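Everything below concerns the one structure shown next.
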Amino acid sequence: MTITCFIRYELDPFGKEAFEQYARAWGQAIPRCGAELIGYYAPHEGSATTAYAAYNIESLAAYEAYRARLAADPAGKANYEFARREKFILKEDRVFLKLVSGPHGPRQVFKTDVTVREGIEA
Numbered sequence: 004m005t006i007t008c009f010i011r012y013e014l015d016p017f018g019k020e021a022f023e024q025y026a027r028a029w030g031q032a033i034p035r036c037g038a039e040l041i042g043y044y045a046p047h048e049g050s051a052t053t054a055y056a057a058y059n060i061e062s063l064a065a066y067e068a069y070r071a072r073l074a075a076d077p078a079g080k081a082n083y084e085f086a087r088r089e090k091f092i093l094k095e096d097r098v099f100l101k102l103v104s105g106p107h108g109p110r111q112v113f114k115t116d117v118t119v120r121e122g123i124e125a
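Heads up: take any position in the sequence shown, counting from 1, add 3, and you land on this note's numbering.
What follows is the structure, encoded as structure tokens:
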């Protein structure tokens with residue numbers, strides 16, 4: 004059973020750019036160390052201090068092995084050190100969830116026949 008790790012970050016309100024750099028740095032290291040990265044999400048609108056990350060992993064046992072590989076990975080070490088040095092992450096919470104709504108049906112694509120003529124929708 005695959006589980007998904009969701010991470011909620013509380014950021015320094017002036018640390019958004021540093022968090023974005025931090026997030027991009029994980030793009031190669033996380034998959035290389037054995038997890039399927041879904042993505043990192045930085046504040047855009049609303050809260051300036053809440054960010055998220057999500058990735059899939061086979062199990063909690065696989066998670067423990069993955070974390071050890073990530074801590075030993077040169078890019079992982081550098082990124083952890085960057086976060087410690089810059090202190091833009093104030094708090095980090097993890098939760099592990101399992102998908103219970105799948106399998107999902109195919110996504111429907113809807114087309115609209117709305118045209119605009121001289122600034123008036125027709």
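Glycine included, each C-beta is placed from N, C-alpha and C at the ideal position. Because the structure is a prediction, the values reported are computed rather than measured.
Straight-line Cα distance separating residue j from residue i
i, j, result
"R88", "P109", "45 Å"
"R86", "T7", "The sequence given here has Ala at residue 86, not Arg. Their backbone Cα atoms lie some 23 Å apart in a straight line."
"Y12", "L40", "16 Å"
"L93", "L14", "5 Å"
"W150", "A74", "Residue 150 falls outside the range modelled here, since the chain spans only 4 to 125, and no answer is possible."
"E84", "Q111", "44 Å"
"A71", "D116", "54 Å"
"G49", "G105", "30 Å"
"A21", "I60", "26 Å"
"G42", "F113", "26 Å"
"G79", "V103", "31 Å"
"R97", "A81", "21 Å"
"Q24", "F91", "11 Å"
"M4", "K101", "8 Å"
"A51", "R27", "18 Å"
"F99", "E67", "13 Å"
"G37", "Q31", "11 Å"
"E145", "R35", "Lying outside 4 to 125, the shown extent of the chain, residue 145 is not represented and no answer is given."
Which residues DSSP lists as bridging residue i, in chain order
i, result
"L14", "I92"
"F99", "C8"
"G37", "Beta-bridge pairing links G37 to no other residue."
"G42", "A57"
Beta-carbon separation (whole angstroms), residue i vs residue j, contact threshold 8 Å
i, j, result
"A64", "A54", "With 8 Å as the limit, A64 and A54 do not qualify as a contact, their Cβ atoms being about 28 Å apart."
"A57", "F17", "A57 to F17, Cβ: 25 Å. No contact."
Residue i beta carbon near the ligand ATP (any heavy atom closer than 7 Å)
i, result
"I92", "Questions concerning the ligand ATP fall outside what the structure shown contains, since it holds no ligand whatsoever."
Segments assigned alpha helix (DSSP H), at least 4 residues, entirely inside the region 68-92 = 77-89
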